[in-house]
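Mapping the sequence shown onto the UniProt record's numbering, position 144 (from 1) lands on 144, and the numbers just tick up by one.
Glycine residues also receive a C-beta, built at the ideal position from the N, C-alpha and C atoms.
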Amino acid sequence: MENNGNSEDQVRWLAFQTGDKEALAYFFNTFVGSLYNYGLKFTRDEDMIDDTIQDLFIRLWTTRKNLSMPASVRNYLFRAFRNLLFRKMTVSQRKEKYKSEYIFFDVELSAETNHINAEQQLIRDQRLESALQQLPGRQKEAIYLKFYENASYEEIAEIMGTSVKACYKNVFRALSYLREVLVTLITWFFFRLFFLN
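(1) Assuming residue 84 contacts residue 57 (C-beta within less than 8 Å), just tell me the rounded distance between them.
(2) Within 10 angstroms of the Cβ of residue 61, are there 16 or more other Cβ atoms? Answer buried if so, exposed if not.
(3) Can the beta-carbon of residue 131 be found less than 8 Å from the beta-carbon of residue 171?
(4) Between the C-alpha atoms of residue 29 and residue 13, what's the straight-line distance to the nearest angstrom?
(5) Contact defined as beta carbons within less than 8 Å: I believe residue 144 pairs with residue 65. What is the distance between those atoms, to the nearest angstrom?
(6) Let me know if residue 89 comes out buried or exposed under the rule of 16 or more other beta-carbons within 10 Å of its beta-carbon.
(7) Which residue's Cα is closest to the Cα of residue 128: 59, 182 and 10?
(8) Please report the Cβ distance between residue 228 and residue 39, rounded to the nearest whole angstrom; I am assuming they are in contact, meaning their Cβ atoms lie under 8 Å.
(9) Cα separation between residue 111 and residue 35?
(10) Taking the straight line between their C-alpha atoms, what separation do you get for residue 177 and residue 71?
(11) State yes or no: is the C-beta of residue 174 within less than 8 Å of the C-beta of residue 135?
(12) Is the distance from the Cβ of residue 159 to the Cβ of residue 75 below 8 Å?
(13) Among residues of its own chain, excluding the 5 on either side of residue 161, which ones have a beta-carbon nearer than 7 Å to its beta-carbon?
(14) Grouping DSSP H, G and I as helix and E and B as strand, with all else coil, what is residue 155?
(15) Please state whether DSSP places residue 101 in a helix, a strand or coil.
(16) Which parts of the region 26-82 are runs of the alpha helix (DSSP H), unbroken and 4 residues or longer, counting only runs that do not cross its ends?
And the structure:
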């Protein structure tokens with residue numbers, strides 16, 4: 001997570017509401033990277049992600065006087081971005097009715113895994129990636145926010161527009177499924193190591 005300074009953010013939010021362009025620039029510069037990466041989990045259309053981020057900050061600026069103080073500026077921006085991106089994706093889908101485009105959420109493994117035994121790690125990564133892709137979209141999104149953005153369950157609930165209980169269930173179900181897949185994978189490697197070599 002890039003920014004945990006809620007009280008500092010709230011002071012800047014008040015300045016932003018009174019027309020301080022530097023406060024707007026601060027929010028943009030602080031969150032643009034995370035918002036962009038978050039958008040890539042839903043679509044590979046980088047232009048759409050860029051447009052959505054720009055539209056989000058333009059809308060914030062033009063409606064700033066009517067906005068209330070969010071409990072967390074970060075969570076507010078993530079949720080507003082997510083909603084705006086989903087709207088744009090829906091419009092894009094309607095325009096391309098002959099294309100079978102869908103909303104997906106892609107979670108990639110971190111680069112650190114590349115330092116472990118290349119062949120076996122590649123197989124494990126492919127199996128885990130396959131397992132992640134089989135998760136329902138809400139579970140993938142919850143896993144991404146929890147483990148890649150280090151968001152709390154309360155923050156995940158706010159961003160996804162669900163209850164905290166639903167977030168716990170999504171993460172629990174996803175981890176249970178992944179654990180099952182990984183146990184099978186570990187068993188297969190032990191079998192291969194001791195009986196096939």
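Taking the definition as stated:
(1) No, residue 84 and residue 57 are not in contact; Cβ-Cβ is about 11 Å, not under 8 Å.
(2) exposed
(3) no
(4) 14 Å
(5) No, residue 144 and residue 65 are not in contact; Cβ-Cβ is about 34 Å, not under 8 Å.
(6) buried
(7) By alpha-carbon distance to residue 128, the top candidate from 59, 182 and 10 is 182.
(8) For the chain, the structure presents residues 1 to 197; residue 228 sits outside this window and is missing.
(9) Residue confidence for residue 111 is low, a pLDDT of 48 falling below 50, so the modelled location carries little weight; the figure read from the coordinates is stated next. Each residue's Cα considered, the two are about 20 Å apart.
(10) Spanning the two alpha carbons is a distance of roughly 33 Å.
(11) yes
(12) yes
(13) 79
(14) helix
(15) Unreliable positioning characterises residue 101 in this predicted model, as indicated by a pLDDT of 47, which lies under 50. The coordinate reading is nonetheless provided below. Correct three-state label for residue 101: coil.
(16) With a minimum length of 4 residues, the continuous alpha helix (DSSP H) runs that stay inside the region 26-82 are 46-62.
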